[in-house]
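Protein chains in written order, with the UniProt record's numbering: chain E, 1 to 478; chain D, 1 to 478; chain W, 1 to 478; chain A, 1 to 478.
Protein chains: 4
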Amino acid sequence: MTFSDESSLNEECGVFGIWGHREAARLTYFGLRALQHRGQEGAGIVANNHGVLKGHRGLGLVSQVFKQEAQLERLRGEAAIGHVRYATAGTSSVDNVQPLLFRFADESVGLAHNGNLTNAYSLRKKLESQGGIFHSDSDTEILMHLIRRSHRDTFEEQLKEALNTVHGGFAYILLTKDAMYAALDPNGFRPLAMGKTASGAIVIASETCALDTVGAEFIRDIKPGELVVVNDDGYRVEHFTWDTQPAICSMEFIYFARPDSNIAGVNVHAARKSMGARLAEEAPVDADMVIGVPNSSISAASGYAEASGLPNELGLVKNQYVARTFIQPTQELREQGVRMKLSPVRGVIAGKRVVMVDDSIVRGTTCRRIVSLLKEAGAAEVHVRIASPPLKYPCFYGIDIQKREELIAGNHTVDEIRQIIGADSLEYLSEEGLVDAIGLGLDAPYQGLCMAYFNGDYPTPLYDYEEEYRKSLANSAV
Amino acid sequence: MTFSDESSLNEECGVFGIWGHREAARLTYFGLRALQHRGQEGAGIVANNHGVLKGHRGLGLVSQVFKQEAQLERLRGEAAIGHVRYATAGTSSVDNVQPLLFRFADESVGLAHNGNLTNAYSLRKKLESQGGIFHSDSDTEILMHLIRRSHRDTFEEQLKEALNTVHGGFAYILLTKDAMYAALDPNGFRPLAMGKTASGAIVIASETCALDTVGAEFIRDIKPGELVVVNDDGYRVEHFTWDTQPAICSMEFIYFARPDSNIAGVNVHAARKSMGARLAEEAPVDADMVIGVPNSSISAASGYAEASGLPNELGLVKNQYVARTFIQPTQELREQGVRMKLSPVRGVIAGKRVVMVDDSIVRGTTCRRIVSLLKEAGAAEVHVRIASPPLKYPCFYGIDIQKREELIAGNHTVDEIRQIIGADSLEYLSEEGLVDAIGLGLDAPYQGLCMAYFNGDYPTPLYDYEEEYRKSLANSAV
Amino acid sequence: MTFSDESSLNEECGVFGIWGHREAARLTYFGLRALQHRGQEGAGIVANNHGVLKGHRGLGLVSQVFKQEAQLERLRGEAAIGHVRYATAGTSSVDNVQPLLFRFADESVGLAHNGNLTNAYSLRKKLESQGGIFHSDSDTEILMHLIRRSHRDTFEEQLKEALNTVHGGFAYILLTKDAMYAALDPNGFRPLAMGKTASGAIVIASETCALDTVGAEFIRDIKPGELVVVNDDGYRVEHFTWDTQPAICSMEFIYFARPDSNIAGVNVHAARKSMGARLAEEAPVDADMVIGVPNSSISAASGYAEASGLPNELGLVKNQYVARTFIQPTQELREQGVRMKLSPVRGVIAGKRVVMVDDSIVRGTTCRRIVSLLKEAGAAEVHVRIASPPLKYPCFYGIDIQKREELIAGNHTVDEIRQIIGADSLEYLSEEGLVDAIGLGLDAPYQGLCMAYFNGDYPTPLYDYEEEYRKSLANSAV
Amino acid sequence: MTFSDESSLNEECGVFGIWGHREAARLTYFGLRALQHRGQEGAGIVANNHGVLKGHRGLGLVSQVFKQEAQLERLRGEAAIGHVRYATAGTSSVDNVQPLLFRFADESVGLAHNGNLTNAYSLRKKLESQGGIFHSDSDTEILMHLIRRSHRDTFEEQLKEALNTVHGGFAYILLTKDAMYAALDPNGFRPLAMGKTASGAIVIASETCALDTVGAEFIRDIKPGELVVVNDDGYRVEHFTWDTQPAICSMEFIYFARPDSNIAGVNVHAARKSMGARLAEEAPVDADMVIGVPNSSISAASGYAEASGLPNELGLVKNQYVARTFIQPTQELREQGVRMKLSPVRGVIAGKRVVMVDDSIVRGTTCRRIVSLLKEAGAAEVHVRIASPPLKYPCFYGIDIQKREELIAGNHTVDEIRQIIGADSLEYLSEEGLVDAIGLGLDAPYQGLCMAYFNGDYPTPLYDYEEEYRKSLANSAV
């Protein structure tokens with residue numbers, strides 16, 4: 001996949017937190033920049049300055065939300081949490097940008113959330129019927145309401161109770177005047193890692209690349225069902241539940257995570273390269289070269305090339321200055337071939353049989369455009385190889401595809417897709433191939449991966465989505 | 001090279017022009033975006049609407065200067081020229097942003113320039129002593145003064161006279177109410193290509209990638225000493241001089257040009273890959289993997305890897321959201337390892353012997369940082385291989401290195417440089433290797449390449465720079 | 001008073017609502033601009049489009065928050081409410097900008113509030129102890145929580161119950177999918193008027209000037225204890241309480257309201273002129289001219305001049321381009337007399353005995369500066385006449401002076417103040433004079449005015465402020 | 001006149017300069033803000049730092065062009081000149097914003113100009129035919145070309161020669177590394193005053209209000225034909241010509257200048273008040289009150305009121321937050337009476353016979369709107385009194401009315417105008433009345449005023465405008 005357009009998948013967030021550093025907010029800023037690929041719609045930071053919590057958040061990239069030194073300087077203090085957010089168009093209101101900062105007469109709480117709750121709708125309805133008022137559209141506030149309504153004695157106990165009430169995929173980071181808390185759902189759908197800076201500050205982040213960016217050394221991944229409590233005494237690992245079973249989102253390995261991150265001990269670049277290599281074994285082709293779709297498929301393409309012995313060529317160049325722009329080619333110009341973002345390298349492609357490696361196909365629109373670009377540039381044949389199995393089922397744990405109707409593979413056979421995108425051949429990596437290539441090796445189905453988008457094997461009940469999902473199955477064709 | 005920081009080389013411009021299209025300014029906008037890598041400090045467009053010339057220009061990226069449809073709509077007309085500009089800090093005034101638009105009682109002229117004149121200072125001094133007034137710091141205005149002072153009859157003849165008065169490196173595009181003119185200096189230092197859209201409009205651009213972007217088919221390169229005149233009758237190739245000798249800037253192949261561009265018939269990506277392959281032959285090393293410095297050295301690294309049989313790994317990840325930011329790590333944080341922009345992939349590098357391929361070394365600062373990043377990430381050995389010869393001499397034809405003192409290879413031996421950057425070994429591509437790898441095959445010294453930065457063999461007299469250059473030689477050590 | 005600086009009084013808001021117009025949001029925009037003087041820190045609009053509520057709000061002036069047509073076009077629909085907000089520095093977060101928009105599973109509610117609740121703190125504390133979560137610092141949300149916790153059957157009944165629970169000064173406008181509601185506290189501290197456009201739409205606004213701006217004809221003022229319900233059947237006046245006693249804020253007449261507004265049937269300009277005339281009778285002076293402090297004291301000065309027979313001169317000019325600016329004179333320049341905003345007209349003042357008429361004195365800082373300006377410009381004598389009684393007591397109903405310590409007249413005698421400001425004489429309007437000049441003629445103490453700032457005679461219990469107020473009395477000197 | 005819309009007159013500039021102050025640029029900033037009423041389209045400052053000239057300029061208000069401390073800090077140095085500019089729509093390019101900064105090999109010159117040259121076109125044509133290149137549309141550059149082409153020995157002599165070549169209205173301020181120069185045309189059309197700060201710095205400004213703002217004491221007006229040279233030795237008054245005759249622009253007194261400024265020893269507010277008083281004598285009316293059109297007619301209205309014995313009422317309120325806005329009432333709303341900017345005070349006007357005093361009528365559009373506003377607000381009668389004679393002829397010396405066709409009084413009789421604007425009666429001040437009321441008392445026609453807009457009696461030949469003017473006379477009706 002390429003193009004940040006209608007047809008790509010979207011992660012729902014990245015979270016970052018640090019406790020015990022004089023420049024906590026500044027480090028959070030750099031950590032969020034490292035996580036920017038996980039969400040570009042909004043960003044925010046809440047800092048704890050000797051027990052007083054202050055926040056700043058806004059729409060846009062981290063560098064747009066935090067433009068001036070003064071904005072960081074206001075956020076003084078030795079602890080901070082931050083968030084980058086993806087939002088579907090239309091609801092892009094600053095109200096939904098996190099971390100949320102709740103002020104009560106007796107305490108203040110900062111809250112950042114990555115994931116999606118499967119029982120959010122019913123919980124919200126119930127809380128509203130009891131007089132609860134919600135201010136954002138997101139499901140993040142629910143946790144705070146549950147905490148405040150708990151009758152347990154301490155904040156930590158209230159939080160544990162609340163974590164057992166919400167279901168689905170979640171990686172939470174909370175900040176109070178006394179402590180920072182990080183919690184991961186019982187399946188560990190989303191990655192969450194912990195590290196330590198040279199000066200001893202504890203850092204928690206969605207991906208290890210953010211630990212690296214702030215110079216923190218990796219300690220351990222947060223595991224399913226864990227609640228990590230960080231305060232001036234260091235960190236302490238608690239469990240809000242022992243009823244866990246790992247089902248790490250396979251799309252993190254395939255597409256979302258940065259190649260320099262490690263998840264559950266597996267390097268993302270290495271995993272992608274293995275997928276490419278396995279794909280070469282499963283679906284070889286007699287061709288002149290391999291071309292990866294930049295940037296996400298570069299690793300898989302190199303794996304395919306090495307395993308197949310074909311040269312790996314830079315056949316597609318991504319324009320590195322693709323800012324958002326309001327100026328677009330008119331329809332007429334578009335037909336005349338005016339384009340931006342991705343350019344084929346004619347000198348390399350012309351007359352050649354090309355294996356085009358991509359990480360996945362969502363709606364097929366982008367893939368069709370790229371095949372067409374390659375053909376226009378003179379490719380003799382274009383063989384598309386996808387380094388993951390066909391995407392057929394929606395995700396309810398934090399990735400933005402909730403309609404089966406939108407997934408081309410949910411409605412068409414592989415050969416139909418091949419025709420739609422105009423490729424000379426099309427093959428996908430097998431499910432088994434994916435599981436083996438990532439090689440998590442955990443004692444759980446699929447070695448601990450969530451494979452639901454490929455085979456509908458959801459590791460949890462779907463709660464509020466159950467009905468919608470059934471309807472979706474009934475409506476779709478394949 | 002990577003990091004857009006103090007130590008990189010800077011191109012001085014990109015130019016684009018189109019004649020005969022109803023959406024001339026819009027196509028120029030897209031063309032300039034394709035040339036954005038040639039200059040990010042300013043951009044502008046001048047359009048010709050039935051003989052009336054209007055312009056818009058500003059500081060920043062093309063997408064920042066043209067933010068609203070209304071700005072393009074003002075620039076109606078069937079012809080337009082555009083410019084992207086690099087500027088050294090301090091003189092970044094909008095006065096210097098091109099195209100310049102001159103309005104006279106009898107005519108208006110738009111002027112865009114890529115290059116550097118070697119006799120600018122003396123020409124300007126002379127013109128001022130005759131009452132001439134200059135409004136910008138750049139040397140671009142000089143051509144206009146020369147044209148206006150010519151006593152020849154037609155604009156075309158005046159222009160030819162002026163083109164014979166200026167010396168150095170220049171690719172000019174001019175727009176009048178009647179025609180568009182493109183001219184290239186007698187050595188053809190800078191690339192300049194011509195194409196045609198499906199609808200018949202003539203397009204001229206610094207690189208062929210801009211032709212591709214606007215859907216124009218390549219016709220031919222503009223050759224040294226040529227003046228191409230484009231008007232409603234089509235295009236006509238004139239010569240302002242026959243005293244020419246090709247000396248195409250080798251840094252265009254090594255670093256500046258986009259990999260999907262072709263210069264003098266040679267694809268840039270292919271040339272870089274050949275340089276890498278030749279480097280592997282000239283300077284092999286017993287190692288575990290090849291790592292290219294993104295983005296400019298990816299092609300050379302893949303050439304090195306293929307030729308050497310070593311795997312080509314994604315060992316360095318470039319943060320794709322590196323906006324300009326005013327928020328920087330403090331010195332203290334920097335020492336603690338907080339960094340942005342480039343991240344090593346620990347999982348790939350740790351414990352491995354790495355061949356790090358880069359396109360060139362200017363001051364050495366960036367190279368030293370990257371070697372250090374790789375070592376911190378656990379590389380057992382780091383062998384640096386540079387896919388071009390040592391940069392020892394300044395360029396006076398349009399690249400922003402005019403002081404020999406700033407070039408590390410102008411002052412240190414290869415072994416000294418190796419120690420400074422902390423590499424286990426360091427080798428450069430030979431001059432001969434470079435010339436062969438690019439393989440222009442023109443009937444001129446170095447097959448038609450300018451190799452002056454490597455060996456001081458300037459293809460023209462240096463005029464106003466002569467004295468400065470001599471001093472520079474005397475001061476430097478090696 | 002002049003200068004929008006630290007020493008001026010600040011209104012807390014203006015509200016506007018319209019039901020039954022195809023361009024409801026656009027009219028709200030113009031209505032808010034007419035109310036801009038009541039709050040410059042933030043603005044927002046919530047519109048009802050066939051039952052779907054959407055909102056837009058932001059920090060800054062109305063014209064800054066709504067910069068583009070597109071922002072209004074999103075707010076389609078036949079009903080809308082709006083708000084302009086004053087905020088004390090430091091809490092200027094967009095979270096506090098109104099109207100608040102609450103989305104529930106079963107309904108959505110827009111809420112705008114002008115005023116200050118006296119039992120907000122205790123209500124909030126109670127609601128939080130019951131699990132309620134607040135998102136802003138303002139006391140506006142409280143009403144929504146009370147509505148949602150009411151067990152009555154209809155929204156209207158729930159709202160009535162809530163209106164009987166909150167105390168202090170409030171003018172609320174609410175918008176639901178079915179109706180618009182406007183309510184005024186039992187003392188009617190804040191003004192609130194209703195009108196009708198030619199096309200039949202019902203308009204409610206803080207001041208009649210906003211009715212005029214949108215071309216609506218005045219119908220009636222909303223009266224203390226009333227709840228007006230507007231829907232597609234027209235409007236209906238209900239009462240949430242009959243236990244009312246008018247106590248209209250006298251500062252609205254003295255300083256806040258626009259001179260072209262009418263409050264309780266009294267024109268604000270005419271009232272100010274009467275105050276000036278009465279002041280001339282109570283405190284005559286042998287002088288050459290009257291000078292009003294622009295802009296708020298122009299009316300009072302003209303009344304004083306007419307009554308005294310002295311010429312009314314333009315002796316002080318206000319710079320009409322006083323934008324907020326980050327560039328300030330340095331301390332040194334300030335001492336050298338560099339100034340902005342207000343300039344004395346030397347040619348008029350020099351050598352003359354001046355009566356300087358101002359509407360009020362808060363801290364005295366501004367008054368001292370103006371006296372000093374006039375003296376520097378050559379005034380022979382400066383006699384200060386204040387067209388209201390000394391401000392001695394804080395307001396708890398919606399004006400931003402809550403500390404007696406900050407009021408110069410709360411701590412100094414009139415003669416001390418005269419010395420501090422450097423005037424040759426200083427006199428204030430009497431309380432009786434103020435009441436007579438405004439001449440509301442209502443059957444209530446002070447003819448229906450709230451005079452608490454002058455004499456501490458608060459028309460209601462102070463609830464949560466009681467203790468603070470007692471302390472404040474004990475600490476102050478006079 | 002009111003509304004900053006199409007129908008108002010526009011000044012062409014304000015200039016400011018200071019020599020000998022450590023914070024020269026900052027004082028220039030404050031001086032320009034005091035002159036902001038003379039031009040709102042652009043602003044700039046050029047500063048001299050030990051002989052090095054730097055500048056900053058941009059489109060918009062002074063406070064928009066200089067937004068950050070850093071922008072002023074770049075402009076260090078002990079001398080600076082500045083400019084505020086009015087520009088007709090369409091040519092609002094930053095290229096035309098002044099001061100212009102010319103850099104030559106041997107010197108740099110900053111140049112600011114207020115006025116209009118009558119022989120600009122022919123001079124420019126001649127200079128271009130000699131190879132001269134102009135970069136802006138304004139006529140300001142011409143002076144620089146003339147200076148550079150002069151063969152005299154010193155800059156001062158070259159400047160004197162140039163000043164004798166340009167004709168029309170001009171007040172120039174120039175800055176070189178050695179001195180600041182101020183020159184006024186032989187008729188002194190534009191005001192220009194000199195003062196001194198407490199610390200001894202010399203200040204020159206278009207109006208004395210700018211001297212007051214920076215704490216400078218008035219020394220003298222610059223007189224027609226004078227060239228003042230300011231350098232480290234103090235100031236020296238030279239003459240570039242003795243062939244002078246004062247003809248100060250009467251519109252400065254009527255409309256443009258700030259009321260707190262003095263021109264040729266006459267206070268502007270006092271002059272306006274006298275015009276109003278004289279108008280009351282010449283054109284009395286039986287009415288209930290006088291209402292001035294804010295802000296420019298407030299002084300004249302007060303003069304009329306005092307002389308007539310009628311009360312002076314605040315019958316029209318100007319919205320003080322009239323920012324430029326892109327959001328406008330639709331045509332439909334406009335017809336429904338939706339309006340901004342100016343509001344009638346119903347409570348004051350209803351049922352009353354009103355004398356509406358305005359300073360002038362240009363096209364009549366605005367005047368008609370205000371009469372209509374007053375009638376809608378219930379005025380029984382509206383008698384319009386204009387405190388200046390009918391505007392019938394264009395100005396060629398620096399005011400933006402160059403077409404007689406646009407002036408209502410150039411094409412209609414007074415009674416026709418009365419009917420067009422819908423007034424019950426209309427009278428203008430007589431020419432004699434204007435001259436007497438201002439009372440300059442200089443030994444020149446009209447006591448030293450330029451009255452050409454009223455009677456076509458231009459004090460100089462019209463040069464390039466001669467033909468246009470004749471045509472204009474022929475085309476117009478009256």
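Every residue gets a Cβ at the ideal spot worked out from N, C-alpha and C, and that includes glycine. All values reported here derive from a predicted model rather than from experimental measurement.
Residue-chain proximity (residue i, chain W), Cβ-Cβ < 8 Å
i: Glu78 (chain A); result: no
i: Tyr446 (chain A); result: no
Chain E contact for residue i (CB, 8 Å cutoff)
i: residue 479 (chain W); result: A query on residue 479 (chain W) cannot be resolved here, the shown segment of chain W reaching from 1 to 478 and no further.
i: Gly215 (chain D); result: yes
i: Arg124 (chain W); result: yes
Proximity test, Cβ basis, 8 Å: residue i and chain A
i: Phe253 (chain D); result: no
Beta-carbon proximity check, residue i vs residue j, cutoff 8 Å
i: Phe170 (chain D); j: Cys249 (chain D); result: no
i: Thr140 (chain A); j: Tyr465 (chain A); result: no
i: Pro191 (chain D); j: Gly225 (chain D); result: no
i: Val355 (chain W); j: Val293 (chain W); result: no
Classification of residue i by the beta-carbon crowding that lies within 10 angstroms, buried from 16 upward
i: Glu252 (chain A); result: buried
i: Val15 (chain W); result: buried
Closer than 9 Å at the beta carbon, the chain B residues around residue i
i: Asp212 (chain D); result: In the displayed structure, chain B is absent; the protein chains listed are E, D, W and A.
Minimum Cβ-Cβ distance from residue i to chain D less than 8 Å
i: Glu73 (chain A); result: no
> Between the stretch 76-87 of chain W and the stretch 27-37 of chain W, are three or more C-beta pairs nearer than 8 Å?
Replying inline: yes
> Does the count of Cβ pairs from the stretch 255-268 of chain A and the stretch 283-290 of chain A closer than 8 Å reach three?
Replying inline: no
>> My parser needs the beta strand (DSSP E) runs of 3 or more residues fully inside the stretch 102-173 of chain W; what are they?
In response: 108-117
>> Which complete alpha helix (DSSP H) runs does the stretch 393-431 of chain W hold, if anything under 4 residues is left out?
In response: 414-421
>> At 3 residues or longer, what runs of the beta strand (DSSP E) sit wholly inside the stretch 3-56 of chain A?
In response: 13-19, 42-49
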